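Here the structure is laid out as structure tokens; the discussion comes afterwards.
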Amino acid sequence: MTSPLSALIEARRDDLVALTQDLIRIPTLNPPGQDYRAICEYLDRRLSARGFRTELIRATGAPGDSDRYPRWNIIARHSGPHRGDCVHFNSHTDVVETGKGWSFDPFAGTVSNGRIYGRGACDMKGGLAASVIAAEAFTQTHPDYSGHIEISGTADEESGGYGGVAYLAERGYFSPDRVQHVIIPEPLNKDRICLGHRGGWWAQIETKGEIAHGSMPFLGDCAVRHMGAVLSAFEETLFPAMASRRTDMPVVPEGARQSTMNINSVHGGAPEPEPGFSGLPAHCVPDSCRIVIDRRFLAEEPLDQVRAEVTALLEGLKETRTDFDYTLTELNAVLPSMTDRSAPVVQTVARAIEDIMGKKPDYVASPGTYDQKHIDRIGRLKNCIAYGPGILELAHKPDEYVGISDMLDSAKVMGRTLETLLTGAG
Ligand SMILES: [Zn+2]
Numbered sequence: 001m002t003s004p005l006s007a008l009i010e011a012r013r014d015d016l017v018a019l020t021q022d023l024i025r026i027p028t029l030n031p032p033g034q035d036y037r038a039i040c041e042y043l044d045r046r047l048s049a050r051g052f053r054t055e056l057i058r059a060t061g062a063p064g065d066s067d068r069y070p071r072w073n074i075i076a077r078h079s080g081p082h083r084g085d086c087v088h089f090n091s092h093t094d095v096v097e098t099g100k101g102w103s104f105d106p107f108a109g110t111v112s113n114g115r116i117y118g119r120g121a122c123d124m125k126g127g128l129a130a131s132v133i134a135a136e137a138f139t140q141t142h143p144d145y146s147g148h149i150e151i152s153g154t155a156d157e158e159s160g161g162y163g164g165v166a167y168l169a170e171r172g173y174f175s176p177d178r179v180q181h182v183i184i185p186e187p188l189n190k191d192r193i194c195l196g197h198r199g200g201w202w203a204q205i206e207t208k209g210e211i212a213h214g215s216m217p218f219l220g221d222c223a224v225r226h227m228g229a230v231l232s233a234f235e236e237t238l239f240p241a242m243a244s245r246r247t248d249m250p251v252v253p254e255g256a257r258q259s260t261m262n263i264n265s266v267h268g269g270a271p272e273p274e275p276g277f278s279g280l281p282a283h284c285v286p287d288s289c290r291i292v293i294d295r296r297f298l299a300e301e302p303l304d305q306v307r308a309e310v311t312a313l314l315e316g317l318k319e320t321r322t323d324f325d326y327t328l329t330e331l332n333a334v335l336p337s338m339t340d341r342s343a344p345v346v347q348t349v350a351r352a353i354e355d356i357m358g359k360k361p362d363y364v365a366s367p368g369t370y371d372q373k374h375i376d377r378i379g380r381l382k383n384c385i386a387y388g389p390g391i392l393e394l395a396h397k398p399d400e401y402v403g404i405s406d407m408l409d410s411a412k413v414m415g416r417t418l419e420t421l422l423t424g425a426g
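Heads up: the sequence shown runs through residues 1 to 426, numbered per this note's numbering.
Printed below as a string of structure tokens:
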């Protein structure tokens, strides 16, 4: 039987579509991190008019924050007349570059065949819109509720979240005495609960050489050949070792159940010529070669071990190669995060999915990190999941879209979750 809350959400279909389109039409590209103020002001106008108290917070001094591209965030809070828990929906407002291959204008929010197309449609303006509709419909159907609902729109998730959730968590906005349940409506599919994510370790490795004339390489020392030895060692030792490690975390897709590493870039020797340069290269032995590695690791792997494994391999090359010299610079490290299946938010959303969709949810973990890391590590709040509409594989792709009926179903699950946590129903 359809509940009054689900019926009201269903009746808000046009509003949900228009809201998602409006959000897509604010082109909050990151980099550079533009229009954050505009999207916060849009949400401010909407939610203030519906009884939310709003706060706009600039992450002054965070990485990327400047007067030209200020890192603005919004937190909107609605309170019921009785004491109770706070349920927080956190969405990032930034989107990645559009790339090529679109058949729709990426910032038009075109509706076609029951889908809304645009950059950020699934990742994650559709999820943000679903949470807004769910919260508004809930406060209307249950004005006498106990506790608080918060909706945040935060900056820079696509570049680490340091101008968004991390900044807010450091200032206590996600501390467990203030917020008790967090749902991040990332596009994980409407019947899946994402419990957490793998860890990440990013580093630059530079091999050193000595410049000389290219006709007499024996008078110099080729940094690119040294890097070749590093890459061979990775192929022979590190990649097979990583492939043998499996996690108990329910990571999807299947290929991410093991440790992985990407080599993001390799640069060595003379810089690339300017486009249009028609001359020939000069002949030099390269004195430097650099790679950036992106190592994703499992809950079962300590970060120290991840670091030590690469360092040991490089130190080993020092023993076997004449004049091998390197530097390793850590760029960033994020620990894995996993919320327990018995946590209240997991249990509640699982039951809501069963109620609304008539099936048990799948439990998954994400190959890449998202803002849960800051809520867990900085906020010290363990009762956090990602749950939202949209297909994960469409994120960052051309012709990204979100299905309208998926958004409605997710909004009903979010609404049902609010009923359970804030009215004692269910
Ligand atoms: Zn996202």
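All residues carry an ideal CB built from backbone N, CA and C; glycine is no exception.
No experiment lies behind these values; they were computed from the predicted model shown.
* **Cut-off 8 Å between Cβ atoms - residues of its own chain near M261, not counting five sequence neighbours on either side** => Cβ-Cβ distances below 8 Å link M261 to F234, L238, F239, M242, I293, D294, R295 and R296 in the same chain, with the five nearest sequence neighbours on each side left out; the list follows chain order.
* Asked: Under the criterion of a Cβ to heavy atom distance below 7 Å, does M124 qualify as lining ligand 1?
  -> Result yes, Cβ under 7 Å from ligand 1.
* Which stretch, first to last residue, makes up the beta strand (DSSP E) that contains S79? -> That run of the beta strand (DSSP E) goes W72 to S79.
* Which residue from G114, F89, R119 and T110 puts its Cα closest to that of V96? -> Distance from the Cα of V96 is smallest, within the candidate group G114, F89, R119 and T110, for R119.
* Asked: Should R442 be labelled buried (16 or more other beta-carbon atoms within 10 Å of its own) or exposed?
  -> Nothing about residue 442 can be reported from this structure: the residues present for the chain run from 1 to 426 only.
* Between which two residues does the alpha helix (DSSP H) containing S342 stretch? -> In the DSSP assignment, S342 falls outside any alpha helix (DSSP H), carrying neither H nor E.
* Asked: By Cβ distance, which residues of its chain are closer than 6 Å to T53, with the 5 residues on each side in sequence left out?
  -> Residue 53 is actually Arg in this sequence, not Thr. Only R77 meet the Cβ criterion.
* Asked: Just checking, does the segment 373–390 make contact with the segment 335–349 on the three C-beta pairs under 8 Å criterion?
  -> Contact between the segment 373–390 and the segment 335–349 is present, because at least three Cβ pairs lie under 8 Å.
* Consider the C-beta atom of I57 and the heavy atoms of ligand 3; say whether any pair is separated by less than 7 Å. => No copy of ligand 3 appears in this structure; the ligands present are ligand 1.
* **Within-8 Å CB hit, A130 to chain B** => The displayed structure is made up of one protein chain only, and chain B is not part of it.
* To do: Please classify A333: does DSSP put it in a helix, a strand, or coil?
  => Residue state, collapsed to three classes: strand.
* Note down the Cα distance separating R178 from I378, rounded to an integer number of angstroms. => A straight line joining the alpha-carbon of R178 with that of I378 spans about 14 Å.
* To do: With a threshold of 7 Å, establish whether the CB of H197 neighbours any heavy atom of ligand 1.
  => It does not: the Cβ of H197 is nowhere closer than 7 Å to a heavy atom of ligand 1.
* To do: Assuming Y370 contacts E170 (C-beta within less than 8 Å), just tell me the rounded distance between them.
  => The beta-carbon distance between Y370 and E170, rounded to whole angstroms, is 18 Å. This is too long to meet the 8 Å contact definition.
* To do: Could you pull out every residue in the same chain whose Cβ sits closer than 6 Å to the Cβ of A38, ignoring the five residues on either side in sequence?
  => So the list reads I26, once near-sequence residues are dropped.
* Asked: Of the residues R225, Q204 and I211, which one's Cα is nearest the Cα of L219?
  -> With distances taken between Cα atoms, L219 lies closest to I211.
* To do: Pull up the distance between the alpha-carbon of T199 and that of V182, whole angstroms please.
  => Note on residue identity: the sequence assigns Gly, not Thr, to residue 199. Each residue's alpha carbon lies about 20 Å from the other.
* Asked: What number of angstroms, rounded off, separates the C-alpha of A130 from the C-alpha of A411?
  -> Their backbone Cα atoms lie some 5 Å apart in a straight line.
* Does ligand 1 have a heavy atom nearer than 7 Å to the CB of S186? -> Per the sequence shown, residue 186 should be read as Glu rather than Ser. E186: yes, Cβ under 7 Å from ligand 1.
* **Segment limits, alpha helix (DSSP H) that includes D248** => Counting along the chain, D248 falls outside any alpha helix (DSSP H), and DSSP gives it neither H nor E.
* Asked: Would the beta-carbon of H92 be found less than 7 Å away from any heavy atom of ligand 1?
  -> Residue side-chain check: H92 places its Cβ nearer than 7 Å to a non-hydrogen atom of ligand 1.
* Asked: In the DSSP assignment, what are the bridge partners of T154?
  -> Answer by DSSP bridge pairing, in chain order: H92.
* Cβ-based neighbour list, D44, same chain, cut-off 8 Å, excluding 5 preceding and 5 following -> Same-chain partners within the cutoff: T54, L56, I74 and A76.
* T339 versus S405: straight-line alpha-carbon distance, rounded -> If I take the Cα positions, the gap works out to 28 Å.
* Within its chain, find whatever has a CB closer than 8 Å to the CB of M357; leave out the 5 residues flanking it on each side and keep chain order. => Contacts found: K190, D191, D409 and V413.
* From the DSSP output, in three-state form, read off E55 for me. => Strand at E55.
* Asked: Going straight from the alpha carbon of L195 to that of T320, what length do you get?
  -> One C-alpha to the other measures close to 44 Å.
* Please report how far the alpha carbon of N264 lies from the alpha carbon of D156, in whole angstroms. => C-alpha of N264 to C-alpha of D156: approximately 20 Å in a straight line.
* By Cβ distance below 6 Å, which residues in the same chain neighbour R246 in space, the five residues on each side in sequence not counted? -> Its chain contains R257 and Q258 as the residues whose beta carbon lies nearer than 6 Å to that of R246, once the 5 sequence neighbours on both sides are disregarded; these appear in chain order.
* Residue environment, G101, which counts as buried when at least 16 other CB atoms sit within 10 Å -> G101 is exposed by the Cβ-count criterion.
* Taking the alpha carbon of V364 as the point to measure from, which residue in L392, I375 and E158 has its own alpha carbon closest? -> With distances taken between Cα atoms, V364 lies closest to L392.
* State the Cα-Cα distance for the pair H92 and A333, rounded to the nearest angstrom. => H92 and A333: Cα-Cα distance of roughly 20 Å.
* To do: Would you identify the three-state DSSP class for D362, choosing helix, strand or coil?
  => Reduced to three states, the DSSP call for D362 is strand.
* DSSP on A270, reduced to helix/strand/coil? -> The DSSP-derived three-state label of A270 is coil.
* Taking DSSP as the reference, what is the three-state secondary structure of Y117? -> Of the three classes helix, strand and coil, the one that applies to Y117 here is strand, per DSSP.
* Distance, Cα to Cα, I151 vs V132? -> Using only the alpha carbons, I get a separation of about 7 Å.
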